Amino acid sequence: MTDDSPSARGVYGIAVAAEMVGVGEQTLRLYERKGLLTPNRTAGGTRRYSDDDVTVLLRVGELLSAGLNLAGVRHVLALETSNDELRAQLAHVLGVIEQRE
DNA sequence: CTTCTAACA
DNA sequence: TGTTAGCA
Numbered sequence: 267m268t269d270d271s272p273s274a275r276g277v278y279g280i281a282v283a284a285e286m287v288g289v290g291e292q293t294l295r296l297y298e299r300k301g302l303l304t305p306n307r308t309a310g311g312t313r314r315y316s317d318d319d320v321t322v323l324l325r326v327g328e329l330l331s332a333g334l335n336l337a338g339v340r341h342v343l344a345l346e347t348s349n350d351e352l353r354a355q356l357a358h359v360l361g362v363i364e365q366r367e
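First residue of the first sequence: 267, per my numbering; consecutive thereafter.
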């Protein structure tokens with residue numbers, strides 16, 4: 267599934283992404299090791315954070331301040347993405363049904 | 001820029 | 001446990 271949407275392509279270096287979210291660079295690397303996100307890498311191996319990644323990082327900050335630990339955040343993010351997928355599929359199915367009527 | 005290690009609250 | 005600083 268190659269994602270060519272612009273939000274998944276606006277890439278920043280780790281220093282820029284860290285400043286946007288308001289955390290240190292080491293923290294972003296920790297988030298990746300904990301499985302919270304997987305930013306794209308250049309051929310040389312440097313991380314490239316997209317606008318979608320930044321959005322996720324901001325959501326991570328909300329969940330952390332809500333009292334969750336990183337393991338909890340990882341689960342919530344997984345549930346939220348699957349939930350979005352289900353909503354999209356439901357909207358599609360409802361659209362198909364509506365056209366048959 | 002990268003990973004790794006150690007220290008702090 | 002999560003974050004930060006320093007090193008290679």
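Heads up, the beta-carbon is just placed ideally off N, CA and C, and yes, glycines get one too.
Please read these numbers as outputs of a predicted model, since none were measured by experiment.
By the 16-neighbour rule on beta-carbons within 10 angstroms, R275 is exposed. When secondary structure is reduced to three states using DSSP, N306 falls in the strand class. When beta bridges are read from the DSSP output, R314 appears opposite N306. Within the model, the alpha-carbon separation for V282 versus Q292 is close to 13 Å. The Cβ atoms of M286 and V320 sit closer than 7 Å to each other. Proximity to L343 across A354, Q355 and L330 peaks at L330, based on C-alpha coordinates.
Rounded to whole angstroms, the separation of the alpha carbons of L302 and Q365 is 39 Å.
Non-local C-beta neighbours of L336 in its own chain, meaning closer than 6 Å and more than five positions away in sequence, comprise K300, ordered along the chain.
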